[in-house]
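One structure below.
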Amino acid sequence: MQVGGYAGVVTDTTRAQADLRLTVYPLGNLSLYGFGRGSVVHSQGQNYPNGLLGVGVRLRAWLWAEAWGSAGTVPVLAEADGTYIYNLLDPLGRRAAASLLILGPQRLRGRLVYSAEQRRITGLNMPYTLHSYSAALAWFW
(Lines of atoms letter the chains of each structure in order from A; the text may use other names.)
(Lines give C-alpha, C1' and ligand atoms only; values in the text may rest on other atoms or scores of the structure.)
Protein backbone atom coordinates (compact mmCIF):
# COMPACT_ATOMS: atom_id res chain seq x y z
CA MET A 9 0.00 0.00 0.00
CA GLN A 10 1.22 3.49 -0.83
CA VAL A 11 -0.23 6.92 -0.09
CA GLY A 12 0.75 9.92 -2.17
CA GLY A 13 -0.09 13.53 -2.79
CA TYR A 14 0.59 16.39 -5.14
CA ALA A 15 -0.04 20.11 -4.72
CA GLY A 16 0.92 22.96 -6.96
CA VAL A 17 -0.02 25.42 -9.64
CA VAL A 18 -0.79 23.96 -13.06
CA THR A 19 -2.20 26.15 -15.87
CA ASP A 20 -2.39 29.11 -13.46
CA THR A 21 -4.72 27.20 -11.13
CA THR A 22 -3.91 25.79 -7.70
CA ARG A 23 -4.59 22.06 -7.70
CA ALA A 24 -4.16 19.27 -5.17
CA GLN A 25 -4.31 15.50 -5.55
CA ALA A 26 -4.43 12.66 -3.03
CA ASP A 27 -3.73 9.02 -4.02
CA LEU A 28 -4.07 5.60 -2.46
CA ARG A 29 -2.26 2.80 -4.33
CA LEU A 30 -2.33 -0.93 -3.72
CA THR A 31 -0.44 -3.79 -5.37
CA VAL A 32 -1.28 -7.45 -4.73
CA TYR A 33 0.73 -10.57 -5.58
CA PRO A 34 -1.75 -13.50 -5.60
CA LEU A 35 0.99 -16.08 -6.30
CA GLY A 36 3.40 -14.55 -3.80
CA ASN A 37 5.88 -13.49 -6.50
CA LEU A 38 6.21 -11.20 -9.53
CA SER A 39 4.79 -13.76 -11.99
CA LEU A 40 1.32 -12.24 -11.62
CA TYR A 41 0.24 -9.05 -9.89
CA GLY A 42 -2.68 -6.68 -9.73
CA PHE A 43 -2.60 -2.99 -8.98
CA GLY A 44 -4.99 -0.16 -8.37
CA ARG A 45 -5.04 3.52 -7.61
CA GLY A 46 -7.76 5.78 -6.28
CA SER A 47 -7.23 9.52 -6.66
CA VAL A 48 -9.13 12.67 -5.84
CA VAL A 49 -8.10 15.88 -7.59
CA HIS A 50 -9.21 19.18 -6.01
CA SER A 51 -9.37 22.01 -8.53
CA GLN A 52 -11.31 25.29 -8.59
CA GLY A 53 -13.36 24.33 -5.53
CA GLN A 54 -14.47 20.93 -6.85
CA ASN A 55 -13.33 17.34 -6.22
CA TYR A 56 -12.77 14.96 -9.14
CA PRO A 57 -12.37 11.23 -8.35
CA ASN A 58 -10.41 8.92 -10.66
CA GLY A 59 -9.70 5.20 -10.31
CA LEU A 60 -7.33 2.83 -12.07
CA LEU A 61 -7.19 -0.99 -12.09
CA GLY A 62 -4.59 -3.15 -13.81
CA VAL A 63 -2.88 -6.49 -14.07
CA GLY A 64 0.72 -7.45 -14.82
CA VAL A 65 2.34 -10.75 -15.75
CA ARG A 66 5.92 -11.90 -16.24
CA LEU A 67 6.22 -13.51 -19.68
CA ARG A 68 9.96 -14.22 -19.51
CA ALA A 69 12.72 -13.42 -17.03
CA TRP A 70 13.37 -10.23 -19.03
CA LEU A 71 9.83 -9.35 -20.21
CA TRP A 72 6.70 -8.16 -18.39
CA ALA A 73 3.30 -7.18 -19.82
CA GLU A 74 0.76 -4.90 -18.15
CA ALA A 75 -2.75 -3.76 -19.00
CA TRP A 76 -4.84 -1.20 -17.15
CA GLY A 77 -7.86 1.01 -17.38
CA SER A 78 -9.07 4.08 -15.55
CA ALA A 79 -12.26 6.08 -15.23
CA GLY A 80 -13.28 9.38 -13.71
CA THR A 81 -13.17 12.78 -15.41
CA VAL A 82 -10.29 14.94 -14.16
CA PRO A 83 -8.98 18.34 -15.33
CA VAL A 84 -5.38 17.41 -14.42
CA LEU A 85 -3.78 14.21 -13.10
CA ALA A 86 -0.30 13.39 -11.79
CA GLU A 87 0.81 9.75 -12.12
CA ALA A 88 3.89 7.63 -11.45
CA ASP A 89 5.10 9.83 -8.58
CA GLY A 90 4.73 12.94 -10.74
CA THR A 91 6.59 11.49 -13.73
CA TYR A 92 3.50 12.08 -15.88
CA ILE A 93 1.25 15.09 -15.41
CA TYR A 94 -1.85 15.16 -17.57
CA ASN A 95 -2.37 18.89 -18.00
CA LEU A 96 -5.54 18.79 -20.00
CA LEU A 97 -7.29 21.49 -21.90
CA ASP A 98 -9.66 18.65 -22.79
CA PRO A 99 -10.49 16.73 -19.58
CA LEU A 100 -9.56 13.04 -19.38
CA GLY A 101 -12.51 10.69 -18.91
CA ARG A 102 -11.66 7.02 -19.47
CA ARG A 103 -8.44 5.33 -20.52
CA ALA A 104 -7.22 1.87 -21.45
CA ALA A 105 -3.57 0.95 -21.99
CA ALA A 106 -1.15 -1.93 -22.43
CA SER A 107 2.62 -1.98 -22.05
CA LEU A 108 5.68 -4.17 -22.33
CA LEU A 109 8.62 -3.72 -19.95
CA ILE A 110 11.87 -5.09 -21.39
CA LEU A 111 14.86 -5.64 -19.10
CA GLY A 112 18.00 -5.18 -21.17
CA PRO A 113 21.62 -5.91 -20.38
CA GLN A 114 23.09 -4.48 -17.21
CA ARG A 115 20.88 -1.58 -16.09
CA LEU A 116 19.12 -0.80 -19.37
CA ARG A 117 15.30 -0.84 -19.44
CA GLY A 118 12.81 -0.30 -22.25
CA ARG A 119 9.06 0.27 -22.21
CA LEU A 120 6.53 0.23 -25.07
CA VAL A 121 3.04 1.60 -24.37
CA TYR A 122 -0.21 1.87 -26.32
CA SER A 123 -3.12 3.80 -24.84
CA ALA A 124 -6.54 5.01 -25.87
CA GLU A 125 -7.93 7.96 -23.91
CA GLN A 126 -11.44 9.31 -24.03
CA ARG A 127 -11.40 13.10 -23.71
CA ARG A 128 -13.91 15.90 -24.17
CA ILE A 129 -13.41 19.14 -26.10
CA THR A 130 -14.55 21.60 -23.45
CA GLY A 131 -15.65 24.42 -25.75
CA LEU A 132 -17.77 22.13 -27.95
CA ASN A 133 -18.77 19.55 -25.30
CA MET A 134 -17.75 16.87 -27.82
CA PRO A 135 -16.00 13.59 -26.91
CA TYR A 136 -13.09 12.16 -28.87
CA THR A 137 -10.57 9.33 -28.48
CA LEU A 138 -6.84 9.96 -28.48
CA HIS A 139 -4.67 6.97 -29.45
CA SER A 140 -1.04 7.13 -28.41
CA TYR A 141 2.04 4.98 -28.84
CA SER A 142 5.17 5.65 -26.83
CA ALA A 143 8.56 4.12 -26.23
CA ALA A 144 11.04 4.82 -23.46
CA LEU A 145 14.60 3.75 -22.91
CA ALA A 146 16.22 4.24 -19.50
CA TRP A 147 19.49 3.41 -17.86
CA PHE A 148 19.48 3.08 -14.06
CA TRP A 149 22.53 3.55 -11.90
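Going by this note's numbering, the first residue of the sequence shown is number 9, and it counts up by one from there.
A virtual CB, placed ideally from N, CA and C, is assigned to each residue, including glycine.
For residue j and residue i, believed in contact at Cβ under 8 Å, the rounded distance
i, j, result
"Glu74", "Leu100", "In fact, because the Cβ distance is near 19 Å, the residues do not count as touching under 8 Å."
"Asn37", "Val48", "Contact flag wrong, Cβ pair sits at about 32 Å."
"Arg127", "Asp98", "4 Å"
"Ala105", "Ser123", "4 Å"
"Asp27", "Gly16", "Their Cβ separation, rounded to whole angstroms, is 14 Å, which puts Asp27 and Gly16 out of contact at 8 Å."
Cβ of residue i within 8 Å of any chain B Cβ
i, result
"Pro135", "Absent from the structure is chain B; it holds one protein chain and no more."
Three-state secondary structure (DSSP) of residue i
i, result
"Trp76", "strand"
"Arg29", "strand"
"Phe148", "coil"
"Gly12", "strand"
"Asp98", "strand"
"Leu67", "strand"
"Arg127", "strand"
"Ser142", "strand"
"Pro113", "coil"
"Thr81", "strand"
"Pro135", "strand"
Same chain, Cβ closer than 6 Å to residue i, neighbours up to 5 away in sequence not counted
i, result
"Ala86", "Tyr14, Gln25, Ile93"
"Phe148", "Arg115"
"Ile201", "The structure shown has nothing for residue 201, since the chain only spans 9 to 149."
"Arg29", "Gln10, Arg45"
"Leu145", "Gly118"
"Tyr33", "Tyr41"
"Thr137", "Ala124, Gln126"
"Arg23", "Ser51, Val84"
C-beta atoms of residue i and residue j nearer than 8 Å
i, j, result
"Ser39", "Arg66", "yes"
"Gly62", "Trp72", "no"
"Ser140", "Arg102", "no"
"Ser51", "Val84", "yes"
"Gly42", "Pro57", "no"
Cβ neighbours of residue i in the same chain (closer than 7 Å, five flanking residues each side left out)
i, result
"Leu111", "Trp70, Arg117"
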